[in-house]
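Undergrad:
Number of protein chains: 6
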Amino acid sequence: MYYHDKRLQYPVQVSEPDPAFARMLQQAIGGVEGEIRVCMQYFFQAWGNRAPTPKYRDMLLHTATEEIGHIEMLATAVALNLDKAPASLQAEGAADSIVGAVMGGERPRHIIEGLIHKNLLSTGLAAMPVDSDGVPFNMSHIYASGNIAADMYCNVAAESTGRVLATRLYNAARDEGMKKMLHFMIARDTMHQEQWLAVIEELGGAATQLPIPNSFPQEKEDQEHNYDFFVTSLDGSYPEGRWTSGPSIDGRGEFTVFRNEPLGGEPELGAARPDGMAQVEQTDATSV
Amino acid sequence: MYYHDKRLQYPVQVSEPDPAFARMLQQAIGGVEGEIRVCMQYFFQAWGNRAPTPKYRDMLLHTATEEIGHIEMLATAVALNLDKAPASLQAEGAADSIVGAVMGGERPRHIIEGLIHKNLLSTGLAAMPVDSDGVPFNMSHIYASGNIAADMYCNVAAESTGRVLATRLYNAARDEGMKKMLHFMIARDTMHQEQWLAVIEELGGAATQLPIPNSFPQEKEDQEHNYDFFVTSLDGSYPEGRWTSGPSIDGRGEFTVFRNEPLGGEPELGAARPDGMAQVEQTDATSV
Amino acid sequence: MYYHDKRLQYPVQVSEPDPAFARMLQQAIGGVEGEIRVCMQYFFQAWGNRAPTPKYRDMLLHTATEEIGHIEMLATAVALNLDKAPASLQAEGAADSIVGAVMGGERPRHIIEGLIHKNLLSTGLAAMPVDSDGVPFNMSHIYASGNIAADMYCNVAAESTGRVLATRLYNAARDEGMKKMLHFMIARDTMHQEQWLAVIEELGGAATQLPIPNSFPQEKEDQEHNYDFFVTSLDGSYPEGRWTSGPSIDGRGEFTVFRNEPLGGEPELGAARPDGMAQVEQTDATSV
Amino acid sequence: MYYHDKRLQYPVQVSEPDPAFARMLQQAIGGVEGEIRVCMQYFFQAWGNRAPTPKYRDMLLHTATEEIGHIEMLATAVALNLDKAPASLQAEGAADSIVGAVMGGERPRHIIEGLIHKNLLSTGLAAMPVDSDGVPFNMSHIYASGNIAADMYCNVAAESTGRVLATRLYNAARDEGMKKMLHFMIARDTMHQEQWLAVIEELGGAATQLPIPNSFPQEKEDQEHNYDFFVTSLDGSYPEGRWTSGPSIDGRGEFTVFRNEPLGGEPELGAARPDGMAQVEQTDATSV
Amino acid sequence: MYYHDKRLQYPVQVSEPDPAFARMLQQAIGGVEGEIRVCMQYFFQAWGNRAPTPKYRDMLLHTATEEIGHIEMLATAVALNLDKAPASLQAEGAADSIVGAVMGGERPRHIIEGLIHKNLLSTGLAAMPVDSDGVPFNMSHIYASGNIAADMYCNVAAESTGRVLATRLYNAARDEGMKKMLHFMIARDTMHQEQWLAVIEELGGAATQLPIPNSFPQEKEDQEHNYDFFVTSLDGSYPEGRWTSGPSIDGRGEFTVFRNEPLGGEPELGAARPDGMAQVEQTDATSV
Amino acid sequence: MYYHDKRLQYPVQVSEPDPAFARMLQQAIGGVEGEIRVCMQYFFQAWGNRAPTPKYRDMLLHTATEEIGHIEMLATAVALNLDKAPASLQAEGAADSIVGAVMGGERPRHIIEGLIHKNLLSTGLAAMPVDSDGVPFNMSHIYASGNIAADMYCNVAAESTGRVLATRLYNAARDEGMKKMLHFMIARDTMHQEQWLAVIEELGGAATQLPIPNSFPQEKEDQEHNYDFFVTSLDGSYPEGRWTSGPSIDGRGEFTVFRNEPLGGEPELGAARPDGMAQVEQTDATSV
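Residue numbers (the UniProt record's numbering), protein chains in the order written: chain R, 1 to 288; chain C, 1 to 288; chain A, 1 to 288; chain Z, 1 to 288; chain W, 1 to 288; chain L, 1 to 288.
Structure representation (structure tokens):
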């Protein structure tokens, strides 16, 4: 179970509110590379973890719990950027409506409105669990396969796309407070990339963990084609690289090249059943 | 651009159609671990690839094109499993409706109907781009970040969850034809896991590729916390592992442990603006 | 604006409630071929119709309004099928829970539960705007292009898939009351297919309406390839048909066959910008 | 920021694992009436709360944090119900595959498979953030309007539908451990219904809080129709009730009845623009 | 069943078309606080209503039918705002494309395009069932629980967020015609808030209706914790209010405060099954 | 199975990159009228095709394969439009971040950012499988009914809305390269509209193909109402047209007009079951 402290994990300060940047930050909340995703992914991996020891369940809970605090920081940052001014100065905003209030002097009203549509209309200028285009986060992005190695790579993928996003936001930020918040979150993403790869390494690295799942006997897979790079170009050309020759990454095979060709025949589903509500012409071989 | 051959990449044969297994196969078509996902992910990564040489664009096109053939094989397998019998024998199915026709003798009609609802009603017993619960595939699962290392880990993640799924389907399969098709697809997943990790290795491995993106100067991130395992347990306990001490995976830091605590203060958004359509009580400091 | 009458457009009677059939009927409510779709599609086409006369707006309103009554009939049918018995007999259902109550004597409890999960848990045994797999209807399926001919074909498509679905449900139905309700709805689908094609005919048929939109001057399109069947097979083979030779349907061209080949070159996006948070290796032509 | 304790808020024990019940429990995790919803709704309401005092922000954080623990309990319950047996006995399950393993002796394999499709194939038998039909939770269900009274009613709605669901699950449960867990969660839903209504009462109840938002001057709304029950029946009949006469709930008006009729004219959008890619016939008044 | 009148429920006039405002109005059509939602919610509640008398079914039908007319008014308003000018003046729009046509003189073309993307490209400048960010309405937002009290609170929540939205739109509107239309719709939202609360009152108010469902015997819920405010702050602090002491809203209990602590133990799912396609290391207690 | 050629089907050139136009092109990739849709629709129709001969399966494969190349062209066009300049000139862009780089001199930074949010943050300036509002393509739009005539009309609908979209994009394009690419794609849409209608004609046209499915015996449908135009206006007025009198399109009936009226009674679902967790008042006929 869980506890909270009212204070934030790290300071979130905004000197000059910027509604357009608020919308960009939404990608880090409700985007597929965002913090709701990693938070929920680590929780569901932890809660469903089956293993001889609770070690990985425990580790996942630490990081999942940390991530709630990251969503909180970003949500605070969005609200502050949608605000005209720091709290104590709000009263002096002379605008006659919330719509007018979010514009700086030089920006045309209808433009800013357009950039923050849903945050403006649905929340009274606060964060939402949506991405920078206003698309709600969909929980199908929570990958938790029950296989610890597959999950660790899913987590590396999440933290890699997450850190790429965070650095793009850092580059786009103008406000020092925002840069500072992001420089902390980028550091945490660095650690989390490391952390999930450390699990793979602790378990033995590629040599023992690949192919994932390592519990499926490799004799049962097609041993003729399991280390082949398949070429589908019309003229048979292909780019040479680490994946076309030499030992495989897991050390169990040798990379080779195979020019793809049909090993199967043309599929035949045959005529439609008379009772299947196809057209009559689909059911009778003589009529077409 | 693209070409096709009417024949399948690998034989797809079904001796005893099994509608329940057809529905399970749907997960490998339209599930988030499925083949539409990897096919489209590799295509969008290829089409958006920016690099000094077209090498990775090319490689991605080979594998993306291969994957169309995998969707095709699975779609064929679903249709055959939804079929009562091979085409030439269909006429003797005595059922008076398509609904009756998909049941084996020993299976109650309404059960099978329930298991394959949408395939039964919407397609005339063919495959759909949905998962095993009938949920349509959503293209937000196509990860293509523009960062080659992030994308490669996304692909490893995709092929790892994909091979876990394929082996579970293999275990669930009874039909020899289905086992054979899957033993081929499992082998291809093995290669694809290897292939994406080979790119990381070719580029220099963790030492040069981490943290992702490696184009963001690490001086700009919070160097105090970028190799810290953050502990959020109430009592400060944590699981020791490769991630709590020793050199980091990228060789640039040392793992340490940090007991999480609020470094920021309590956020203050202040009273709501009078024009924001909050309740009056939210806008006036004296009234609450 | 709109009015209602408490009575149904057509009688809906269920002698033997069948929860499994209730779930199948959900496809006709919230499936992509269902009645919510056509109802909302015709409304949005009407409300957005721009034309010299209000004629088509008016016609669309008649049919859209009719369709509300179809959703109502189906929703009533679902509720009745989820019911153990007619209202007056309910009290004697001896089951100790709603879950027990929906099972007939011969059917295992957990099976029926599984078939109607969400209707059981979320509605107290009533209809929902979801399909037969429990997937909620998504309003992106409302096609209203602002082009009357495009919209009419969208409507023919909707009524064609709708009638295919309705006839499959008819075949699956056992209850006479359900067959009767469906025999009425199937007839309405017949008329609606005719009705939308009648508009095309009234406007002049293929000769004047194709290609859609007919307001785009055909000189501006690539006149070399606008009546070509493109062949993409590796060996150049293709199926001959009405579409490979002879006059085109709109009478403005002659069908011909073109063997597809790359008319464009290889796309070059070049190296990634240094500031785009790609990997360093993507930005420097000398390093890869 | 947040902390965790590895232990659960309340005991979760399962004597006889029941995969079908596991799927029903999914509705309480990822259904629109489920715990992810309330958890995230209270968090986003707290994080975006604007008010003279932090009181309601604080209160919301307590309950949001409590709700994470509820998701955790339910996720644990799903995993245990998908399990054949307590951990120590697992080895003796003689099944040759995970698919076989989840069946009790008397249940046909393909039925159980069908009921738990995605949990079986995607997670290795654990909980997912999906509902009982396998539909992923969509974050658009997080209602946080920035208006405290509107939000409190959203929360009452959430806890009302939530408790209805929990009691249906209680009725469907056979296992004593599951009944016990649910009897705790039902009690918490009771409190939460009370808690949100207590806020309305503390703020002054209907007399000061309605209509919501109370910051919009009622003079600006149409005072002729703001307490009218509109009748749309063809014959003008309507059901009498508390809403057709007597003082309004907020004490500011008197309920009356108004027979609905068109107060506006027929809308005229006119002909389509020549450049809008409608059909030619839509643009020229003389041609239709 | 249903009837229509071509005229609108209330006048919809636009003097100066404003494409940016058109997009904001979309939130009131296809947003989660919008009119499609309430219309369909009341219909599904009506069609599934089970009660000794048809009274509430009837009442719901009146208001659901009214709401179709509201969607119609808003759709008309969107189309008029996307139009350059009143119908009779359209011909003189000198723009060479629909894209140019929607811009006023002072507005840069690409900005307006960006604000109304999908309405511009998909509809020929008409309304769509999407929100102000272009996200299609998802029918999972139709709450109809089968419990009249839960449904009434869902309706109050819908009309509260709906009226908050409508007043924000009113504040953002510049055109007098739009203000007039909204002042009518705001008034109707006032009535609808009242109407649903009137049902709760007619049924006996909180004293008899809470906790919802009131048909679940409260003896079966955990009576130790059903009126406790749970405190999750690390230091045990909490905000005092109406919910921490005094009689509960339903008059059946006394509010108290409970400091949350784990009443359950650490969950143990144990090692993964050998056949579950976890990694080998997850299945063998001796290897990790 | 499938092959590729690195070159494009048709040249894609951009002289002056325009980020706003890039976003509009997204509608043609991931919009419901876009190329992913037709590509996948034709594939699933082909893969599930049941007929006496493989003719239509074959034809569909040719066109589906062609469409992959169309997505590729559009994805290339999006990437080029998001680019500041041709590859060789990129280095001289003086902007200090990718965000700055996509602005032309005269355009305010935050505006352009707002128009291309997700492409900017998630992809490093490449195409995504989303529409022009950033909404991901949802695979429920793949219509493949198993009925060849229904499918052909679905395809005509797809190509009609697709060509309407393409011509709107053509009108909005300023760059000659973009106009050229689109003039090719518009031509292909012309052919594809023809092609699917040619199938209907080859099968016999309306006379044999309607009503769809033509395998359902028309005697089983309600012959009283299958060619009636139903009038729902309050005053009985209706627009006369090809659909109100004269022979039906299929030649099997005569169009007539029927004034809609309730043929069914008022539905009675009766009181709620005591065990259904409705309110007590819903279960007892004497209490309300």
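Yeah, the Cβ is synthetic: ideal placement off N, Cα and C, and Gly gets one too.
Ignore the nearest five residues each way along the sequence and tell me which others in F258 of chain A's own chain have a CB closer than 8 Å to its CB.
TA: These residues qualify, in order along the chain: H225, D228, F229, F230 and V231.
Undergrad: Please return the same chain residues whose Cβ sits closer than 6 Å to the Cβ of R57 of chain R, not counting the five positions on each side in sequence.
TA: Excluding sequence neighbours, R57 of chain R sits near A46 and N49.
Undergrad: Assign N155 of chain C to one of three DSSP states: helix, strand, or coil.
TA: Three-state DSSP puts N155 of chain C in a helix.
Undergrad: Taking V32 of chain C as the query, report the chain A residues whose CB atoms sit under 8 Å from its CB, ordered along the chain.
TA: Ordered by position in chain A, no residue passes the 8 Å Cβ test against V32 of chain C, which lies about 15 Å from the chain.
Undergrad: Report the three-state DSSP secondary structure of S233 of chain C (helix, strand or coil).
TA: Of the three classes helix, strand and coil, the one that applies to S233 of chain C here is strand, per DSSP.
Undergrad: According to the neighbour-count rule (16 or more other Cβ atoms, all chains shown, within 10 Å of its Cβ), is D235 of chain R buried or exposed?
TA: Its Cβ having fewer than 16 others within 10 Å, D235 of chain R is exposed.
Undergrad: Going along chain R in order, which residues have a C-beta closer than 7 Å to the C-beta of E66 of chain C?
TA: F230, T232 and N260, listed in chain order.
Undergrad: Nearest to A271 of chain C by alpha carbon, out of C:Q279, C:G162 and C:G265?
TA: The option with the nearest alpha carbon to A271 of chain C is C:Q279.
Undergrad: Taking DSSP as the reference, what is the three-state secondary structure of R23 of chain R?
TA: DSSP places R23 of chain R in helix when its eight states are reduced to three.
Undergrad: Is R163 of chain W buried or exposed, if buried means 16 or more other CB atoms sit within 10 Å of its CB?
TA: Classification for R163 of chain W: buried.
Undergrad: Check whether the Cβ atoms of I36 of chain W and P136 of chain W sit closer than 8 Å, and answer yes or no.
TA: No. Outside cutoff.
Undergrad: Residue ranges of each beta strand (DSSP E) run of no fewer than 3 residues wholly in the region 162-237 of chain Z, ordered along the chain?
TA: Listed in chain order, the complete beta strand (DSSP E) runs (minimum 3 residues) inside the region 162-237 of chain Z are 228-231.
Undergrad: Helix, strand or coil: which one does DSSP assign to P86 of chain W?
TA: Any answer about P86 of chain W is weak, because its pLDDT of 36 lies below 50 and its placement is not dependable; what the coordinates show is given next. Here P86 of chain W sits in coil by DSSP.
Undergrad: When burial is assigned at 16 or more other CB atoms within 10 Å of the CB, is G146 of chain L buried or exposed?
TA: G146 of chain L is buried by the Cβ-count criterion.
Undergrad: Excluding the five sequence neighbours on either side, which residues of its own chain have a C-beta within less than 6 Å of the C-beta of L80 of chain R, listed in chain order?
TA: Cβ within range, chain order: V14.
Undergrad: Can you find a CB in chain W that lies within less than 8 Å of the CB of D189 of chain A?
TA: Taking Cβ atoms only, chain W never reaches closer than 8 Å to D189 of chain A, which makes this a no.
Undergrad: Against P211 of chain A, what residues of chain Z qualify as contacts under a CB-to-CB distance less than 7 Å, listed in chain order?
TA: Chain Z residues near P211 of chain A: none, gap ~11 Å exceeds 7 Å.
Undergrad: What does a CB cutoff of less than 7 Å around F43 of chain Z pick up in its chain, not counting 5 residues either side in sequence?
TA: Counting only Cβ-Cβ distances below 7 Å, and skipping sequence neighbours, we find A64.
Undergrad: Apart from the five residues on each side of it in sequence, which residues of its chain come closer than 7 Å, Cβ to Cβ, to I68 of chain Z?
TA: Excluding positions up to five away in sequence, the list reads C39.
Undergrad: Kindly say whether E266 of chain L, judged by its beta-carbon, lies nearer than 8 Å to any beta-carbon of chain W.
TA: E266 of chain L counts as touching chain W.
Undergrad: Got a sec: which bits of the region 45-71 of chain Z sit with their beta carbon under 7 Å from any beta carbon on chain A, in order along the chain?
TA: Listed in sequence order: no entries.
Undergrad: Quick one: grab the DSSP three-state call for R259 of chain C.
TA: If DSSP states are grouped into helix, strand and coil, R259 of chain C belongs with the strands.
Undergrad: When burial is assigned at 16 or more other CB atoms within 10 Å of the CB, is G265 of chain Z buried or exposed?
TA: The residue in question, G265 of chain Z, is exposed, as its Cβ has fewer than 16 Cβ neighbours within 10 Å.
Undergrad: State the start and end residues of the unbroken beta strand (DSSP E) segment that holds Y2 of chain C.
TA: Counting along the chain, the beta strand (DSSP E) containing Y2 of chain C begins and ends at Y2 to H4.
Undergrad: Could you check whether the Cβ of V99 of chain A sits closer than 8 Å to any Cβ belonging to chain C?
TA: Residue placement at V99 of chain A is flagged as unreliable, the pLDDT there being 43, under the threshold of 50; the coordinate-derived value follows with that caveat. No, V99 of chain A does not count as interfacial toward chain C.
Undergrad: Mind listing the chain C neighbours of T283 of chain A? Cutoff is C-beta to C-beta under 9 Å, in chain order.
TA: Near T283 of chain A (Cβ distances below 9 Å), the residues of chain C are R50, A51, P52 and S215.
Undergrad: On the DSSP bridge assignment, give the partners of E254 of chain C in chain order.
TA: Its beta-bridge partners are C:P247.
Undergrad: Exposed or buried, which one is G34 of chain A when buried takes at least 16 other CB atoms within 10 Å?
TA: Classification of G34 of chain A: buried, given that the 10 Å Cβ count is 16 or more.
Undergrad: First and last residue of the alpha helix (DSSP H) that includes S122 of chain A?
TA: H117 to T123 is the span of the alpha helix (DSSP H), which, as asked, contains S122 of chain A.
Undergrad: Anyone know if the C-beta pair for M1 of chain W and P262 of chain L falls short of 8 Å?
TA: Yes. Within cutoff.
Undergrad: Report yes or no: is there a C-beta of chain W within less than 8 Å of the C-beta of D133 of chain L?
TA: Yes, contact with chain W.
Undergrad: So A35 of chain A is in the alpha helix (DSSP H); what residue range does that whole segment cover?
TA: Before going on, a small fix: residue 35 of chain A reads as Glu here, not Ala. From DSSP, the alpha helix (DSSP H) with E35 of chain A extends over E35 to W47.
Undergrad: Which of the residues in the region 236-248 of chain L, read from start to end, lie with their CB under 7 Å from any CB of chain B?
TA: Protein chains in the displayed structure are R, C, A, Z, W and L, and chain B is not among them.
Undergrad: Counting along the chain, where does the alpha helix (DSSP H) carrying A126 of chain Z start and finish?
TA: Element bounds for A126 of chain Z: n/a, residue is neither H nor E.
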